[in-house]
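K.L.:
Numbering (our numbering), first residue to last: 98 to 377.
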C-alpha cells in the first residue's frame with residue numbers, strides 16, 4: 098500500500114526544499130504525495146496591496162494563481178525529481194493552512210505531514226513560521242516533519258529521540274519513527290537528560306519497554322546531566338551532527354507537554370536538523 102504523504106506548499110523555496118527532502122527520504126518507497134496549497138483571500142489582498150502589485154491583485158484571483166502554481170510545481174517535479182514509485186495529487190483550498198491540513202487528513206488517510214520550518218516570509222528571527230506552529234498545534238494526531246531551509250538532502254544516519262521516561266512507548270506508538278529509521282537504516286539515539294538523581298522505578302520500567310520497542314532497530318541509550326533540558330538536547334544534537342530529532346506530541350498539545358515551546362525552539366536553532374513530531 099502506498100504511503101500518503103501531505104506536503105503543504107506556499108510555493109516558496111523553503112516549501113520546495115521540504116518536498117525534495119522528503120521525496121529523497123522515500124525515494125525507494127511507493128508513495129502518493131498530496132500537494133496542498135491553502136489560500137486566504139483576505140491575506141492575499143493585503144499582501145498584493147502592500148507590495149503595490151495592483152495588476153496581479155486585480156486580474157488574478159488567489160485560486161487561479163494557486164491552480165497555475167500547483168501545475169508548475171508538477172512540471173518542475175517531472176523535470177527535476179521524477180520517480181516511478183511516486184505519484185501526485187494536488188489540493189487547492191480556500192482556508193488557513195492548519196485548517197486545510199486538518200481537513201485533508203480526514204479524507205486522504207495521510208500518514209505524514211511535511212512542511213518547511215518557515216514559509217514564504219522567512220522571518221530571520223523566527224525559528225518556525227506561523228503556519229508551521231499552527232499546524233503543530235492543530236494536527237497533533239498525525240506525524241509532522243518540519244524541514245529547515247538549509248538542511249541537507251541526504252540519507253539519515255542518526256535520529257535523536259529525547260525522553261524523560263515518564264511515558265511508556267510501545268512500538269505501535271513509535272511506528273513513524275521506527276518506519277523511517279528502518280527505511281533509512283538509521284540508528285536511533287535515545288537521550289535522557291537527568292535533572293535529579295537517577296531514574297525512578299517507573300522510569301526504569303519505561304526504559305525497558307522502549308528498549309523492547311526498538312529491538313529491531315539499531316539503537317543506543319545516552320544520559321546527560323544538567324538542569325536545562327532544552328540546551329542539553331541542542332548541544333547533544335550539535336556535537337554528534339545528528340540527522341534528525343524526533344519528539345512526541347503528548348496529549349495532542351506539544352506546547353503544554355514536557356517538551357515545551359522552548360524545547361521546540363532550541364531544537365529549531367540547530368538549523369540544519371529536521372524535526373519529526375510523533376502523535377501520542
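From the three backbone atoms N, C-alpha and C, an ideal C-beta is built for every residue, glycine too. Model, not experiment: these values are computed from the prediction.
Where DSSP assigns a beta bridge to residue 322, which residues make up the other side?
P.N.:
291
K.L.:
When the Cα atoms are used, what is the spatial distance from residue 236 to residue 296?
P.N.:
A straight line joining the alpha-carbon of residue 236 with that of residue 296 spans about 32 Å.
K.L.:
Would you call residue 250 buried or exposed, if buried means 16 or more other Cβ atoms sit within 10 Å of its Cβ?
P.N.:
Looking at its Cβ environment, which holds fewer than 16 other Cβ atoms inside 10 Å, residue 250 is exposed.
K.L.:
Just how far apart, CA to CA, sit residue 191 and residue 166?
P.N.:
Pairing residue 191 with residue 166, the inter-Cα distance amounts to about 15 Å.
K.L.:
Starting from residue 184, follow its DSSP beta bridges and name the residues at the other end.
P.N.:
129
K.L.:
Tell me where the beta strand (DSSP E) around residue 241 begins and ends.
P.N.:
240-244
K.L.:
Skipping 5 residues on each side, what residues in its chain have a beta carbon closer than 7 Å to that of residue 353?
P.N.:
Residue placement at residue 353 is poorly supported in this model, since its pLDDT is 47, which falls under 50; the coordinates still yield a value, given next. Around residue 353: no qualifying Cβ.
K.L.:
By Cβ distance below 8 Å, which residues in the same chain neighbour residue 266 in space, the five residues on each side in sequence not counted?
P.N.:
260, 303, 306, 307, 310, 345
K.L.:
Here's the rule I'm using: 16 or more other beta-carbon atoms within 10 Å means buried, otherwise exposed. How should residue 221 be labelled?
P.N.:
Reliability fails at residue 221, whose pLDDT of 46 lies under 50, so the model's placement of it is uncertain and the value that follows must be treated cautiously. Residue environment: residue 221 is assigned as exposed (fewer than 16 neighbouring CB atoms within 10 Å of its CB, all protein chains considered).
K.L.:
Compare the C-beta of residue 270 with all C-beta atoms of chain C and state if any pair is closer than 7 Å.
P.N.:
This model lacks chain C altogether, as it is built from one protein chain only.
K.L.:
Residue 163 by DSSP, collapsed to three states: which one?
P.N.:
helix
K.L.:
So, for residue 163: in the same chain, excluding its five sequence neighbours on each side, which residues have a beta-carbon less than 8 Å away from its beta-carbon?
P.N.:
134, 136, 189
K.L.:
Tell me whether the beta-carbon of residue 271 lies closer than 7 Å to the beta-carbon of residue 290.
P.N.:
The answer is no: Cβ separation not under 7 Å.
K.L.:
Measure the alpha-carbon distance for residue 99 versus residue 123 and round it to whole angstroms.
P.N.:
11 Å
K.L.:
Using DSSP with H/G/I as helix, E/B as strand and the rest coil, what is residue 344?
P.N.:
strand
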